[in-house]
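Data first, discussion second: the structure below is written as structure tokens.
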Amino acid sequence: MNSIERARIFSEEKIQELRAKLAAEIGPGANVVTCGSFARRDASRASDLDYFCVFPGEEKGRTSNPAIRDIVMDVIGKAPSEGGAFAKDVTERQLLTNIGGWDDDNENITRRILYLLEGEYLTDRKEFEAIRANLIEQYVGNTPNDHQIAFYLLNDIVRYWRTMAVDYAHKTSQLGPSKPWGVRNLKLVYSRKLIYASGIFSVALTADRSEVQKCEILQTLFAMTPIERLQYVCGITATTRLFEIYAFFLDKIEDKNFRSRIDSLKPEDKHTDEEFRSLKNEGHYFSRELMALLQSTFHASHPIHMSLIF
Numbered sequence: 009m010n011s012i013e014r015a016r017i018f019s020e021e022k023i024q025e026l027r028a029k030l031a032a033e034i035g036p037g038a039n040v041v042t043c044g045s046f047a048r049r050d051a052s053r054a055s056d057l058d059y060f061c062v063f064p065g066e067e068k069g070r071t072s073n074p075a076i077r078d079i080v081m082d083v084i085g086k087a088p089s090e091g092g093a094f095a096k097d098v099t100e101r102q103l104l105t106n107i108g109g110w111d112d113d114n115e116n117i118t119r120r121i122l123y124l125l126e127g128e129y130l131t132d133r134k135e136f137e138a139i140r141a142n143l144i145e146q147y148v149g150n151t152p153n154d155h156q157i158a159f160y161l162l163n164d165i166v167r168y169w170r171t172m173a174v175d176y177a178h179k180t181s182q183l184g185p186s187k188p189w190g191v192r193n194l195k196l197v198y199s200r201k202l203i204y205a206s207g208i209f210s211v212a213l214t215a216d217r218s219e220v221q222k223c224e225i226l227q228t229l230f231a232m233t234p235i236e237r238l239q240y241v242c243g244i245t246a247t248t249r250l251f252e253i254y255a256f257f258l259d260k261i262e263d264k265n266f267r268s269r270i271d272s273l274k275p276e277d278k279h280t281d282e283e284f285r286s287l288k289n290e291g292h293y294f295s296r297e298l299m300a301l302l303q304s305t306f307h308a309s310h311p312i313h314m315s316l317i318f
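First residue of the sequence shown: 9, per our numbering; consecutive thereafter.
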């Protein structure tokens, strides 16, 4: 059993345990959503679980039941991350409106795009899927012609990726000496890039499809994990090498000794630490595999290639 399968089983067991305990304690009416490694099904015992609540309607100021955090602590064994896009709850209206508007800040973009690309429900599957379908319809509804890809969605996915990459240096510089930066750096190279690529490949399949078909394609693909999504679009055989590299990354990240070393690694040592450099260098091959898959899966004349540049 490789690390991808091991992580999938571990993550699924924890997700199912969370769902059962939340259903017993919280009851209906709370749409609790998780994003991150557990939602992607590539978590390990070192992973934490980020979540947020989406409340119906427009009423702001509501807060989630404190029991949710207690249950997460009990099942996962770690507290959720402090701060960031998942530190506060939102209304459905906040999630579905202001796409690209003045109020569309980094936290909104992050919640919205990750809801689509890696989000998973913890309490209310029906409501979770309804919001995801609504989001998809808003993006696709702004695509004027059938032959075009869902470029409104593509632009927002690209915007999220570029924003995250630009913000990385600022965020890591603000962490202070007590906060590890090494794992954040490696996740940007591997898991964050995997999410981004899975979004690009999904949008590419919407070319030459009607509005209804575009929505159906995206709803099907976004119900999968990023790994399943790329395997579905490109084929299991074609993605073998890509996920061998990703398995190497997961192997390292779940290793306690390696994780401890990386957590204590100083930024000035990033060019000289052999283990860190080894994983970073494999990350370059990971990027090349993704590029090769994009080129081999979609003909040079496919609109996805031009849309990613112009």
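Glycine included, each C-beta is placed from N, C-alpha and C at the ideal position. Since the model is a prediction, treat every value here as computed from it, not as a measurement.
Per DSSP, TYR160 has no beta-bridge partner at all.
The continuous alpha helix (DSSP H) containing ASP78 extends over residues 74-84. Minimum Cα-Cα distance from ALA38 among the listed residues ARG27, ALA205, GLN156 and LYS179 corresponds to ARG27. The closest CA to that of THR305, considering only LYS274, ILE235, SER210 and LYS222, is found on SER210. Collapsing the DSSP output to three states places THR42 in a strand. Residue state for THR99 is assigned as strand, using DSSP reduced to three classes. Assignment of TYR198 by DSSP, reduced to helix, strand and coil, places it in the coil class.
Assignment of beta strand (DSSP E) within the segment 109-170, counting only whole runs of 3 or more residues, yields no such run. Non-local beta-carbon contacts of TYR176 in its own chain, meaning distances under 7 Å to residues more than five positions away in sequence, involve LEU196 in chain order. A distance below 8 Å separates the beta carbons of ARG140 and LEU124. Runs of the alpha helix (DSSP H) lying entirely within the segment 252-282, each at least 4 residues long, are 264-272 in chain order. LEU130 places its beta carbon less than 8 Å from that of VAL41.
The alpha-carbon separation between ARG120 and PHE284 amounts to approximately 32 Å.
Nearest to LEU194 by C-alpha distance, out of GLY291, GLN102, LEU104 and PHE136, is GLY291. Check the Cα spacing between VAL191 and each of ASP154, PRO275 and THR151: the tightest is with PRO275.
Its chain contains ILE117 and ILE121 as the residues whose beta carbon lies nearer than 6 Å to that of TYR168, once the 5 sequence neighbours on both sides are disregarded; these appear in chain order. Shown here for ARG267: same chain residues with a beta carbon closer than 6 Å to its own, the five before and five after excluded, namely ALA54 in chain order. Of GLU252, GLN239 and GLU135, the smallest CA-CA separation from GLY65 is found for GLU135. The straight-line gap separating the alpha-carbon atoms of PHE230 and SER295 is approximately 22 Å. The C-alpha of GLY85 is placed about 16 Å away from the C-alpha of PRO74. Residue TYR198 holds the alpha-carbon nearest to the alpha-carbon of LEU250 among LEU213, TYR198 and SER286.
By DSSP's assignment, TYR59 forms a beta bridge with THR42. Going by C-alpha positions, ILE253 is about 34 Å away from LEU103.
With a cutoff of 8 Å on beta-carbon distance, VAL80 and TYR59 are scored as near each other. About 7 Å separates the CB atoms of ILE107 and ASP164; that is less than 8 Å, so the two are in contact. Cβ-Cβ distances below 6 Å link ARG16 to ARG49 in the same chain, with the five nearest sequence neighbours on each side left out; the list follows chain order. Short of 6 Å from the beta carbon of GLU25, and not among the five residues preceding or following it, lie these beta carbons of its own chain, in chain order: VAL83. Straight-line spacing of the CA atoms in TRP110 and ASN142 works out to 21 Å.
Looking only at LYS29, SER218 and THR233, the smallest Cα-Cα distance to GLY44 is reached by THR233.
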